[in-house]
Amino acid sequence: SGFVTLDPGYKNTGATQSAITFLDGEEGILRYRGYPIEQLAEKSSFIEVAYLLIYGSLPTAQELEDFSNRIKRHTLVNEDMRKILDGFPYTAHPMGILSALVSSLTAFYPESLNPNQTKDEVDLTIVRLLAKISTIAAWSYKNSIGHPVIYPKNSLDYCSNFMHMMFAYPTETYEVNPIVIDALNKLLILHADHEQNCSTSTVRLVGSANASLYSSVSAGISALWGPLHGGANQAVIEMLEEIKADGGDSKKFIAKAKDKNDPFRLMGFGHRVYKNFDPRAKIIKKSADDVLSALGIKDPILDIAKELEEAALTDPYFVDRKLYPNVDFYSGIIYQALGIPTNMFTVMFALGRMPGWIAQWKELRENKEPIGRPRQIYVGEKERDYVSIEKR
Ligand code: CMC
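The opening position of the sequence shown corresponds to residue 37 in UniProt numbering, with each subsequent residue numbered one higher.
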């Protein structure tokens, strides 16, 4: 059946043509629709970046207002969704809830299952997802602490409304702090897309079977949950806390990471594509300093992280393998400073990645890409005859 090239992990296989995100791993360049990530992180807002990724160009003031208002109109989730949420024990990881509830949107909006939706219908499906994901994300956290859910407050902008649903209770009102909201916008922008990574490829692969946007993104959330992917931001903080509890000796953990008999890896280090630096990590490191000092927080794990980075960057093991801090190395420190609990870090990543997943799913559909179907090289048994059970 023809010649099959083996490429485990798709290290050199391009699966698609895409006009969304440009990434140069050697030079450390990342651009959304041509705009450098540094400029977007500095000047844009998350909702503006979402529009840019999904529709291809920066919105006019009117387009941005319309888009933002449309999202606000759809932040409420069906009351029956609460019953599904109530079925989860408080021990449920918020990522599992997120994936399940996004999948369950297909039940409330069965029209999303139609692969031949009109452009307007697809737009509505998209707006619903962007709007409801912040409500679902905040509710998944409320479930984990056994608190009642907080309904969206649509007078607030996207990020402030999310923080309101996270923290309004028990203090009743959430005091919007512009430093916090700016930091959150920046983090979500930095996570908004990253071309054909594991979760995005998952979204495209599932979508290529003409599955709905909600099912495709639900699969993407499951992929992102893995500790080698988005789950790394939670793993980084856990690692830094472990180092702190152990007396703060970063050298010892560097040695563990280098030991091939020890499964321990330096979480937040290394990247499949970036081989000189991760441009997102540069921005986040500076932001961690700025945000912590603006909020008047002195967090010893920030010092441990910097020490660890310095030690690794001068160690031949990491230098030879071109292992640098990635986006997740400092993001958790900022999330912690914003009051976001550790088990929500990967949910924050999913919230940020949502526009990217949506844009990639939409592009796949518009380009009418064929169903994804990798091949294999079979290495199993040759043909053999069935042996009856009494003769085995
Ligand atoms: N600590 C110690 N050694 C490492 C690490 C690490 N974090 N990352 C890679 N290596 C070693 C690895 O053992 C291998 O060594 P050798 O050549 O001696 O066998 C070499 O470096 C190449 O690594 P690889 O696993 O073949 O590289 P990959 O491209 O398959 O994996 C990675 C990339 C990100 C999964 C990996 O670097 C890793 O596990 N990092 C830690 C987890 C992490 O931070 N993930 C977040 C990625 S960025 C956010 C996102 O987009 O998801």
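Every residue gets a Cβ at the ideal spot worked out from N, C-alpha and C, and that includes glycine.
CB of residue i within 8 Å of CB of residue j, strictly
{"i": "I369", "j": "D335", "result": "yes"}
{"i": "R389", "j": "H129", "result": "no"}
{"i": "N221", "j": "F82", "result": "yes"}
{"i": "S180", "j": "N379", "result": "yes"}
{"i": "S286", "j": "E343", "result": "yes"}
{"i": "S400", "j": "R240", "result": "Before going further, note that residue 400 is Leu rather than Ser in the sequence given. Against a cut-off of 8 Å, the Cβ pair of R240 and L400 comes out as a contact."}
{"i": "K168", "j": "L141", "result": "yes"}
{"i": "G392", "j": "H230", "result": "yes"}
{"i": "G92", "j": "F313", "result": "no"}
{"i": "W397", "j": "G266", "result": "no"}
{"i": "S80", "j": "I319", "result": "no"}
{"i": "A86", "j": "L166", "result": "yes"}
{"i": "A291", "j": "L328", "result": "no"}
{"i": "I162", "j": "R316", "result": "no"}
{"i": "S424", "j": "S251", "result": "no"}
{"i": "L249", "j": "I394", "result": "yes"}
Continuous alpha helix (DSSP H) stretch holding residue i: start and end
{"i": "F82", "result": "82-91"}
{"i": "I290", "result": "286-294"}
{"i": "I120", "result": "115-122"}
{"i": "R106", "result": "97-109"}
{"i": "D380", "result": "Before going further, note that residue 380 is Met rather than Asp in the sequence given. Taken as a continuous stretch (DSSP letters only), M380 belongs to no alpha helix (DSSP H), as it is neither H nor E."}
{"i": "N269", "result": "268-281"}
{"i": "F354", "result": "352-356"}
{"i": "V242", "result": "234-243"}
{"i": "F365", "result": "364-373"}
Exposure of residue i, with buried meaning 16 or more beta-carbon neighbours within 10 Å
{"i": "P361", "result": "buried"}
{"i": "P188", "result": "buried"}
{"i": "I107", "result": "buried"}
{"i": "F365", "result": "buried"}
{"i": "S191", "result": "exposed"}
{"i": "I337", "result": "buried"}
{"i": "E84", "result": "buried"}
{"i": "Y371", "result": "buried"}
{"i": "L42", "result": "exposed"}
{"i": "V253", "result": "buried"}
{"i": "F39", "result": "exposed"}
{"i": "N150", "result": "exposed"}
Whole-angstrom C-beta distance between residue j and residue i, which should lie under 8 Å
{"i": "R164", "j": "H110", "result": "5 Å"}
{"i": "L359", "j": "A348", "result": "7 Å"}
{"i": "F124", "j": "S170", "result": "At roughly 18 Å, the Cβ-Cβ gap does not stay under 8 Å, so F124 and S170 are not in contact."}
{"i": "T382", "j": "N269", "result": "6 Å"}
{"i": "I333", "j": "G284", "result": "The Cβ separation is near 18 Å, so there is no contact."}
Residue interval of the beta strand (DSSP E) (run including residue i)
{"i": "D60", "result": "57-60"}
{"i": "I186", "result": "Premise fails: I186 is in no beta strand (DSSP E) and is neither H nor E."}
{"i": "R67", "result": "65-68"}
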